[in-house]
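Structure first, then comments.
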Amino acid sequence: MPFFFVLEFCSYINRISLGNIQLTGIKQDLNISVTESMWLVSLFYVAYLIFAIPSVILQRFLRPTSHLSLSLIALGAFTIGMAFVKNIKVLLALRFLLGLAEAGVFPGIIIYISFWYRKREQAMRMAIFFGAAIIAGAASGILAYGIIRMNGMAGLEGWRWIFLLESLPIIPLGIITFFFLANIPETVQWLDHCERALLTTILQEDEGMANTCCGTFSAYVILLSWLTNNVGGRTKRAISLGFVVGIGQIGGIVGPLVYRNVDNPTYRRGNIINTGVVVGTLVTIIILRICLAWENRRRNNLSYEEYQQEAAVKEPCDRHPEVRIKYILFL
Numbered sequence: 251m252p253f254f255f256v257l258e259f260c261s262y263i264n265r266i267s268l269g270n271i272q273l274t275g276i277k278q279d280l281n282i283s284v285t286e287s288m289w290l291v292s293l294f295y296v297a298y299l300i301f302a303i304p305s306v307i308l309q310r311f312l313r314p315t316s317h318l319s320l321s322l323i324a325l326g327a328f329t330i331g332m333a334f335v336k337n338i339k340v341l342l343a344l345r346f347l348l349g350l351a352e353a354g355v356f357p358g359i360i361i362y363i364s365f366w367y368r369k370r371e372q373a374m375r376m377a378i379f380f381g382a383a384i385i386a387g388a389a390s391g392i393l394a395y396g397i398i399r400m401n402g403m404a405g406l407e408g409w410r411w412i413f414l415l416e417s418l419p420i421i422p423l424g425i426i427t428f429f430f431l432a433n434i435p436e437t438v439q440w441l442d443h444c445e446r447a448l449l450t451t452i453l454q455e456d457e458g459m460a461n462t463c464c465g466t467f468s469a470y471v472i473l474l475s476w477l478t479n480n481v482g483g484r485t486k487r488a489i490s491l492g493f494v495v496g497i498g499q500i501g502g503i504v505g506p507l508v509y510r511n512v513d514n515p516t517y518r519r520g521n522i523i524n525t526g527v528v529v530g531t532l533v534t535i536i537i538l539r540i541c542l543a544w545e546n547r548r549r550n551n552l553s554y555e556e557y558q559q560e561a562a563v564k565e566p567c568d569r570h571p572e573v574r575i576k577y578i579l580f581l
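Throughout, our numbering is defined as the position within the sequence shown, counted from one, plus 250.
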């Protein structure tokens, strides 16, 4: 987990660096308009949304560590490229590619954690993982403030130094991931055959119960922990995670359109839309609660023939009739 903490810290600083950089003179140096500035933010999330699901599907065909390593190296390379752009068109293209690379990092780490830890062990580890993003968010401004003082060194503007220095650790981390991070439990070499079999059995037996928390989540980590805990089967879990993470990036796309500068300081239009989304979420929670309770009752009342028919399905995963969904409604 310490290694993943470092990965998320560096990755998140890299992701949010544009917010600090836009205050350092890049708009004047590259003649960036207000509309282009909005697209610089949105294109990252557009790419993230498009490639989140394909990325996790690709992870099923590659070694998880290989996929994560390639994504990290690409993330670092694209950000370094942004330090040397000469016009806004290249910067926009690199922001899009940055979103593509990031789509393989965040979901890749979450899926990797679900491969190695039992359900009751995942939430705490994901909380530690997300803690890196919180610390990175607090530290990024201070770090950018220090780096901007390098303005003019080696003929580079301060904002170029921010892109360059904040991305440099990511490529070495990607290389370390490829060579030193263990793969899935079934193939790892530093466990003998008996240890691998024991670990695999423990993780498979842990698939027998689904735990669903439906409600207003106090943190994103709970949502992702819920997802990895309750969706059975690695392929299905990976695709579901990619879908949820990808859909979450829509907020980054529409945010600049909803919270407009012309609405400052009250942002009444954006707050009304946001309130509508929250109300819709609460309605969805109630519907989900009803559906989960109904499904549990249905499984409890299966006849012997119905039970055998559903259990005989190839790879039933979380749809196995023995699985009971636990739900807690936070309102």
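Ideal Cβ placement from N, Cα and C applies to all residues, glycine included.
- Less than 8 Å divides the Cβ of Ser321 from the Cβ of Ala351.
- For Ser321, the uninterrupted alpha helix (DSSP H) run begins and ends at Pro314 to Met332, by DSSP.
- Take Ile500, set aside five residues on each side of it, and the residues of its chain with a beta-carbon closer than 8 Å to its own are Tyr295 and Leu299, in chain order.
- Here Asn270 is buried, its C-beta having at least 16 other C-beta atoms within 10 Å.
- Of the residues assessed, Tyr262 falls on the buried side of the cut-off, its CB having 16 or more other CB atoms within 10 angstroms.
- C-alpha of Tyr395 to C-alpha of Val256: approximately 21 Å in a straight line.
- DSSP, reduced to helix, strand and coil, places Gly275 outside both helices and strands of the structure shown, so it counts as coil.
- With 16 or more other Cβ atoms inside 10 Å of its own Cβ, Tyr362 counts as buried.
- Where Arg510 is concerned, there is no enclosing alpha helix (DSSP H), because DSSP gives it neither an H nor an E.
- DSSP, reduced to helix, strand and coil, places Lys336 outside both helices and strands of the structure shown, so it counts as coil.
- Trp544 counts as exposed, since fewer than 16 other beta carbons sit within 10 angstroms of its beta carbon.
- A direct Cα-Cα distance of roughly 13 Å separates Arg399 from Gly405.
- In the structure shown, Tyr517 falls within a coil segment according to DSSP collapsed to helix, strand and coil.
- Tyr557 sits in a helix when the DSSP states are folded into three classes.
- Short of 6 Å from the beta carbon of Thr274, and not among the five residues preceding or following it, lie these beta carbons of its own chain, in chain order: Ile398, Gly408 and Trp409.
- Of the residues Glu572, Phe346 and Leu542, the one whose Cα lies closest to the Cα of Ser553 is Glu572.
- The Cβ atoms of Leu393 and Arg345 lie no closer than 8 Å to each other.
- Counting only the Cα atoms, Ile537 lies some 28 Å from Gln559.
- A direct Cα-Cα distance of roughly 46 Å separates Tyr367 from Val284.
- Straight-line spacing of the CA atoms in Ile425 and Trp411 works out to 23 Å.
- Tyr262 carries a helical assignment under DSSP once its states are collapsed to helix, strand and coil.
- For the stretch 336-423, the continuous alpha helix (DSSP H) assignments of 4+ residues that do not extend past its boundaries occur at 338-366, 369-397 and 408-417, in sequence order.
- The beta carbon of Ser305 is closer than 7 Å to those of Ala353, Gly354, Pro357 and Gly492 in its chain, skipping five residues each way along the sequence.
- Taking 8 Å as the upper bound for CB-CB distance, Gly387 and Ile266 are in contact here, some 7 Å apart.
- DSSP places Glu286 in the helix class (H, G or I) of the three-state scheme.
- The straight-line gap separating the alpha-carbon atoms of Ser390 and Ile420 is approximately 15 Å.
- Note on Phe254: 16 or more other CB atoms within 10 angstroms of its CB, so buried under the neighbour-count rule.
- Nearest to Leu431 by C-alpha distance, out of Asn281, Val529, Leu318 and Ile489, is Leu318.
- The Cβ atoms of Ile303 and Ile338 do not sit closer than 8 Å to each other.
- Distances from the CA of Leu312 to each of Gly505, Glu258 and Phe428 were compared; the closest alpha carbon is that of Phe428.
- C-alpha of Ile378 to C-alpha of Ile359: approximately 12 Å in a straight line.
- Between Asn433 and Pro314, the CB-CB gap stays under 8 Å.
- Of all alpha-carbon atoms in Glu258, Tyr509, Ile535 and Ala562, the one lying nearest the alpha-carbon of Met376 is that of Glu258.
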